[in-house]
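Undergrad: Going by my numbering, the letters in the sequence shown line up with residues 1359 to 1412, in that order.
Glycine included, C-beta positions come from ideal geometry on N, C-alpha and C.
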Amino acid sequence: MKIVLLGYMASGKSLIGRELAKVLKMDYLDLDDFIEKNEGKSIEKIFLEKGEIF
């Protein structure tokens, strides 16, 4: 089973996602964390350099 949470910035997706993963005993992946790790820079810096559409 895969669950995807979508919504506006700062709407609580990460908080709900982490808690839901704990309750359901599932892995949790935060896309912002994944992108930051792969790009080697913060989401804020990526937005400044490449725009939010990146």
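Which same chain residues end up closer than 6 Å to D1388 when comparing Cβ atoms and leaving out the 5 residues on each side of it in sequence?
TA: On the sequence shown, position 30 is the one that residue 1388 refers to. Cβ neighbours of D1388 beyond the five flanking positions: S1372.
Undergrad: At which residues does the alpha helix (DSSP H) containing V1381 begin and terminate?
TA: For the purposes of this step, residue 1381 is taken as the residue at position 23 of the sequence shown. First-last of the alpha helix (DSSP H) with V1381: K1371 to L1382.
Undergrad: Specify, as a first and last residue, the run of the alpha helix (DSSP H) that I1401 falls within.
TA: As a working note, residue 1401 is residue 43 in the sequence shown. Start and end: I1401 to K1408.
Undergrad: How is the alpha helix (DSSP H) around D1385 delimited, first residue to last?
TA: Here residue 1385 is taken as the residue at index 27 of the sequence shown, counted from 1. Careful: D1385 lies outside any alpha helix (DSSP H) and carries neither H nor E.
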